[in-house]
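S.K.: Pasting a structure below so you can have a look.
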Amino acid sequence: MREIVVEPFNLDKYRRLIEENRKRLEKAYDFEEADRVPIIIDVGGPYYAKIFGYTLAEYYNNLGVMLEVQIKGIKWRLRWLKDDLAHIGVQLDIGSIAEGIVFNCDIVMPDERNPWQSPWIVPRIKRLEDIDELEVPDPYSHKGIKEYYRRLERFRKLVKDNYGNLPVGGRLQIHPPVSAAGSLMGPRRLYTWIYKYPNEMHKLFRKLEETFIALQEFYYDITGAEPGSLGLPDDHAGYLSRKLYEKFALPYNLRLYELFGKRYRALHMDSHMDHITDILVNVYRLNFADVGVENDIRIISRDLKGKIVFKGNANWRVLLSNSYEKIEMEIEKCIYYAAPGGGYIFDNGGETYTGVPPEKLKYEVEYAKKVGKYPIRKENFKHLDRILKY
24 MREIVVEPFN
34 LDKYRRLIEE
44 NRKRLEKAYD
54 FEEADRVPII
64 IDVGGPYYAK
74 IFGYTLAEYY
84 NNLGVMLEVQ
94 IKGIKWRLRW
104 LKDDLAHIGV
114 QLDIGSIAEG
124 IVFNCDIVMP
134 DERNPWQSPW
144 IVPRIKRLED
154 IDELEVPDPY
164 SHKGIKEYYR
174 RLERFRKLVK
184 DNYGNLPVGG
194 RLQIHPPVSA
204 AGSLMGPRRL
214 YTWIYKYPNE
224 MHKLFRKLEE
234 TFIALQEFYY
244 DITGAEPGSL
254 GLPDDHAGYL
264 SRKLYEKFAL
274 PYNLRLYELF
284 GKRYRALHMD
294 SHMDHITDIL
304 VNVYRLNFAD
314 VGVENDIRII
324 SRDLKGKIVF
334 KGNANWRVLL
344 SNSYEKIEME
354 IEKCIYYAAP
364 GGGYIFDNGG
374 ETYTGVPPEK
384 LKYEVEYAKK
394 VGKYPIRKEN
404 FKHLDRILKY
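Structure (structure tokens):
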């Protein structure tokens with residue numbers, strides 16, 4: 024087993040930079056223009072593990088490695104990538120397996136034989152009878168839920184012992200119903216059964232809604248945290264037509280927002296949301312939207328500007344190409360349409376995955392800073408004539 028090194032980290036050294044980043048982001052949240060477009064690149068623990076020489080098996084299975092990797096990642100962003108990171112903290116990272124824990128699915132984890140296997144849930148709903156057999160768990164007695172929070176406490180202690188009062192995040196929560204169902208049954212079965220068995224799918228979604236509520240209330244009870252802020256990650260729902268979205272996603276999500284999002288509401292959809300923008304504005308009344316690469320930034324900007332702060336949409340796939348021109352065009356497209364007037368934060372749509380070369384990511388940040396200076400000026404764009412032809 025590799026020896027774990029306590030990575031030195033002096034937060035005071037970066038406080039001035041962090042404060043500058045925070046003020047730039049605050050301007051965006053107030054729909055105002057700062058000195059330039061703020062940039063927050065969504066890179067996480069698996070990406071850091073790759074660039075610092077650890078496997079996913081080491082990262083997910085060893086809390087010491089997880090902490091070391093995340094601390095190194097914070098320093099890497101502040102000192103080398105130089106995006107506008109403003110929140111400094113670490114989190115217990117389990118990957119996207121919450122449904123597997125909560126509903127006792129088989130879970131495939133990276134190990135010595137498959138060190139780069141991402142954590143993965145083996146779908147358990149294969150028959151209609153499986154929906155009837157699925158039980159809403161009691162978080163107070165559920166073995167997997169209790170073990171998650173025991174592990175979170177061990178991680179908190181590790182952070183406390185080495186970094187004092189550095190914030191630690193961690194909460195076991197499933198996705199909202201449509202996406203949670205996608206994890207439990209696989210996307211093909213999800214979309215097929217919505218057409219073939221709508222009543223049975225509503226039965227499943229009601230159970231998933233009950234589970235979400237039970238987990239959220241359990242978290243508030245054991246931590247003393249106050250409800251009022253809710254973000255929903257709902258990739259699967261974005262592939263529903265508007266009609267199906269209104270029937271199968273909206274009612275459940277809206278109830279969750281009304282229960283737990285009185286002050287602040289956010290939505291992440293690494294899929295489509297450009298066909299439901301009026302729902303985001305007028306029904307959900309979102310404060311923040313994380314926009315995936317598949318959306319038309321012109322529609323998103325037209326419909327959300329001045330109403331919802333939004334982030335993302337740049338296609339991370341261009342970072343895998345050998346063309347810096349493609350990278351520049353993707354950046355210019357997002358900034359030209361979304362940045363004027365504030366309310367936009369530049370980022371890649373979805374997550375920046377482990378295969379993206381760090382040097383391409385750095386170029387992306389540097390070019391976005393150059394093009395994104397306020398006020399936005401057409402003469403700063405090298406490829407505007409081509410962008411306007413799309």
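Quick note, the sequence shown lines up with residues 24 to 413 if you use our numbering. Glycine included, every Cβ here is placed at the ideal spot set by N, Cα and C.
Could you give the residue range of the alpha helix (DSSP H) that holds Lys-166?
M.R.: Walking along the sequence shown from the start, residue 166 turns up at place 143. Start and end: 166-186.
S.K.: Helix, strand or coil: which one does DSSP assign to Tyr-287?
M.R.: In the sequence shown, counting from the first residue as 1, residue 287 sits at position 264. Tyr-287: strand per DSSP, three-state reduction.
S.K.: Indicate whether Glu-233 and Tyr-275 have their beta-carbon atoms separated by less than 8 angstroms.
M.R.: Residue 233 sits at position 210 when you count from the first residue of the sequence shown. Residue 275 sits at position 252 when you count from the first residue of the sequence shown. Not closer than 8 angstroms, so no.
S.K.: In the DSSP output, which residue or residues are listed as bridge partners for Lys-46?
M.R.: Against the sequence shown, residue 46 aligns to sequence position 23. In DSSP, Lys-46 forms no bridge with anything.
S.K.: Below 8 angstroms, how does it come out for the region 376-387 and the region 42-56: are there three or more Cβ pairs, yes or no?
M.R.: No: the two stretches stay apart, fewer than three of their Cβ pairs being nearer than 8 angstroms.
S.K.: Which of helix, strand or coil does DSSP assign to Gly-123?
M.R.: Along the sequence shown, one-based indexing puts residue 123 at 100. Gly-123 falls in the helix class under three-state DSSP.
S.K.: Can you check which of these residues, Glu-355, Pro-398, Leu-342, Asn-305, is closest to Gly-365 by C-alpha distance?
M.R.: Here residue 365 refers to the residue found at position 342 of the sequence shown. Minimum Cα distance to Gly-365 is reached at Pro-398.
S.K.: Name the DSSP bridge partner or partners of Gly-395?
M.R.: Taking the sequence shown and counting its residues from 1, the one referred to as residue 395 is at position 372. Beta-bridge pairing links Gly-395 to no other residue.
S.K.: Between Asp-107 and the rest of its own chain, which residues show a CB-CB distance below 7 angstroms, the 5 nearest in sequence each way excluded?
M.R.: For the purposes of this step, residue 107 is taken as the residue at position 84 of the sequence shown. Hits under 7 angstroms: Asn-44, Arg-47, Leu-48, Pro-61, Ile-62, Ile-63.
S.K.: Where are the beta strand (DSSP E) runs, 3 residues long or more, that stay fully inside the region 223-295, in chain order?
M.R.: Whole beta strand (DSSP E) segments, 3+ residues: 252-256, 287-292.
S.K.: Please name the residue, chosen from Asn-403, Arg-286, Lys-356, that lies closest to Val-341 on a Cα-to-Cα basis.
M.R.: Translated into the one-based positions of the sequence shown, residue 341 becomes position 318. For the residues Asn-403, Arg-286, Lys-356, the minimum Cα distance to Val-341 belongs to Lys-356.
S.K.: Please report how far the alpha carbon of Glu-269 lies from the alpha carbon of Phe-369, in whole angstroms.
M.R.: As a working note, residue 269 is residue 246 in the sequence shown. As a working note, residue 369 is residue 346 in the sequence shown. Roughly 29 angstroms separates the two Cα atoms.
S.K.: Which residues does DSSP list as the beta-bridge partners of Ala-337?
M.R.: On the sequence shown, position 314 is the one that residue 337 refers to. In the DSSP output, where bridge partners are listed per residue, Ala-337 has Asn-371.
S.K.: To test your reading of the DSSP string, which unbroken alpha helix (DSSP H) runs of 4 or more residues are found completely within the region 67-104?
M.R.: Those alpha helix (DSSP H) runs which fall completely within the region 67-104 and span 4+ residues are 68-74, 79-84, 86-99.
S.K.: Would you report the Cα separation of Arg-102 and Met-89, rounded to the nearest angstrom?
M.R.: In the sequence shown, counting from the first residue as 1, residue 102 sits at position 79. In the sequence shown, counting from the first residue as 1, residue 89 sits at position 66. Approximately 20 angstroms between the Cα atoms of the pair.
S.K.: Here's the rule: buried if 16 or more other CB atoms are within 10 angstroms of the residue's CB, otherwise exposed. What is Trp-339?
M.R.: What you label residue 339 is simply residue 316 of the sequence shown in a count that begins at 1. Label assigned to Trp-339: buried.
S.K.: Should Asn-336 go down as buried or exposed, given a rule of 16 or more other Cβ atoms within 10 Å for buried?
M.R.: Translated into the one-based positions of the sequence shown, residue 336 becomes position 313. It is buried - the Cβ of Asn-336 has at least 16 other Cβ atoms within 10 Å.
S.K.: Closer than 6 angstroms by C-beta to Phe-311: which residues in its own chain qualify, once you throw out the five before and the five after it? Chain order, please.
M.R.: One-based indexing of the sequence shown puts residue 311 at position 288. Taken in chain order, the residues that qualify are Ala-289, Val-332.
S.K.: For the alpha helix (DSSP H) containing Ala-361, name the first residue and the last one.
M.R.: Position 338 of the sequence shown, counted from the first residue, corresponds to residue 361. That run of the alpha helix (DSSP H) goes 347-361.
S.K.: Here's a check: name, in chain order, each residue in its chain whose Cβ is nearer than 6 angstroms to the Cβ of Lys-266, leaving out the five neighbours to either side.
M.R.: For the purposes of this step, residue 266 is taken as the residue at position 243 of the sequence shown. Taken in chain order, the list of residues that qualify is empty.
S.K.: Assuming Val-201 is part of the alpha helix (DSSP H), what are its boundary residues?
M.R.: As a working mapping, residue 201 is identified with position 178 in the sequence shown. Element bounds for Val-201: 200-208.
S.K.: Would Glu-402 be called buried (16 or more neighbouring beta carbons within 10 Å of its own) or exposed?
M.R.: By one-based count along the sequence shown, residue 402 stands at place 379. Glu-402 is exposed by the Cβ-count criterion.
S.K.: Going by the beta-carbon positions, is the gap between Phe-32 and Lys-98 smaller than 8 angstroms?
M.R.: Position 9 of the sequence shown, counted from the first residue, corresponds to residue 32. Position 75 of the sequence shown, counted from the first residue, corresponds to residue 98. Result yes, Cβ atoms of Phe-32 and Lys-98 sit closer than 8 angstroms.
S.K.: Apart from the five residues just before and just after Ile-168, which ones in its own chain have a Cβ nearer than 8 angstroms to its Cβ?
M.R.: Taking the sequence shown and counting its residues from 1, one reaches residue 168 at position 145. So the list reads Ile-124, Val-125, Pro-160, Pro-162, Leu-195, Leu-238, Phe-241, once near-sequence residues are dropped.
S.K.: Arg-150 bridges to which residues according to DSSP?
M.R.: Your numbering for residue 150 matches position 127 in the sequence shown. For Arg-150, which the question treats as bridged, DSSP gives no partner whatsoever.
S.K.: With distances taken between CB atoms, is the gap from Phe-228 to Phe-283 smaller than 8 angstroms?
M.R.: As a working mapping, residue 228 is identified with position 205 in the sequence shown. As a working mapping, residue 283 is identified with position 260 in the sequence shown. No. Outside cutoff.
S.K.: Would you mind giving the Cβ-Cβ distance between Asp-297 and Ile-323, rounded to the nearest angstrom? I have them listed as a contact below 8 angstroms.
M.R.: What you label residue 297 is simply residue 274 of the sequence shown in a count that begins at 1. What you label residue 323 is simply residue 300 of the sequence shown in a count that begins at 1. Correct: roughly 6 angstroms between the Cβ atoms.
S.K.: Mind reading off the beta-carbon distance from Leu-207 to Pro-256? Whole number of angstroms is fine, and I expect it under 8 angstroms.
M.R.: Numbered from its first residue, the sequence shown carries residue 207 at position 184. Numbered from its first residue, the sequence shown carries residue 256 at position 233. Wrong, their Cβ atoms sit about 15 angstroms apart, outside the cutoff.
S.K.: What residue range does the alpha helix (DSSP H) around Asp-326 cover?
M.R.: Counting from one through the sequence shown, the residue named residue 326 turns up at place 303. Residues 320-327.
S.K.: Please list, in chain order, all residues of the same chain as Leu-79 whose beta carbon is under 7 angstroms from its beta carbon, the five residues on each side excluded.
M.R.: Position 56 of the sequence shown, counted from the start, is the residue given in the question as residue 79. The residues are Pro-69, Ala-72, Pro-133, Pro-138, Trp-139, Gln-140, Ser-141.
S.K.: Rounded to whole angstroms, what's the CA-CA distance from Val-66 to Leu-40? Just pull it up for me.
M.R.: Taking the sequence shown and counting its residues from 1, one reaches residue 66 at position 43. Taking the sequence shown and counting its residues from 1, one reaches residue 40 at position 17. In a straight line, the C-alpha of Val-66 is about 19 angstroms away from that of Leu-40.
S.K.: What first and last residue would you give for the beta strand (DSSP E) that runs through Asp-313?
M.R.: Position 290 of the sequence shown, counted from the first residue, corresponds to residue 313. Here the beta strand (DSSP E) through Asp-313 covers 311-314.
S.K.: If you measure between the beta carbons of Tyr-262 and Tyr-214, is that distance less than 8 angstroms?
M.R.: Stepping through the sequence shown from its first residue, residue 262 is reached at position 239. Stepping through the sequence shown from its first residue, residue 214 is reached at position 191. In this structure, Tyr-214 lies closer than 8 angstroms to Tyr-262 by Cβ.
S.K.: Considering only C-alpha positions, which residue in the set Lys-149, Asp-129, Phe-178 is nearest to Asn-84?
M.R.: Your numbering for residue 84 matches position 61 in the sequence shown. Out of Lys-149, Asp-129, Phe-178, Phe-178 has the C-alpha closest to the C-alpha of Asn-84.
S.K.: Per DSSP, what kind of secondary structure is Arg-38 in: helix, strand or coil?
M.R.: Counting from one through the sequence shown, the residue named residue 38 turns up at place 15. Of the three classes helix, strand and coil, the one that applies to Arg-38 here is helix, per DSSP.
S.K.: When DSSP labels each residue in this structure, what does Val-306 get in the three-state scheme?
M.R.: Residue numbering aside, residue 306 sits at position 283 when the sequence shown is read from its first letter. Helix.
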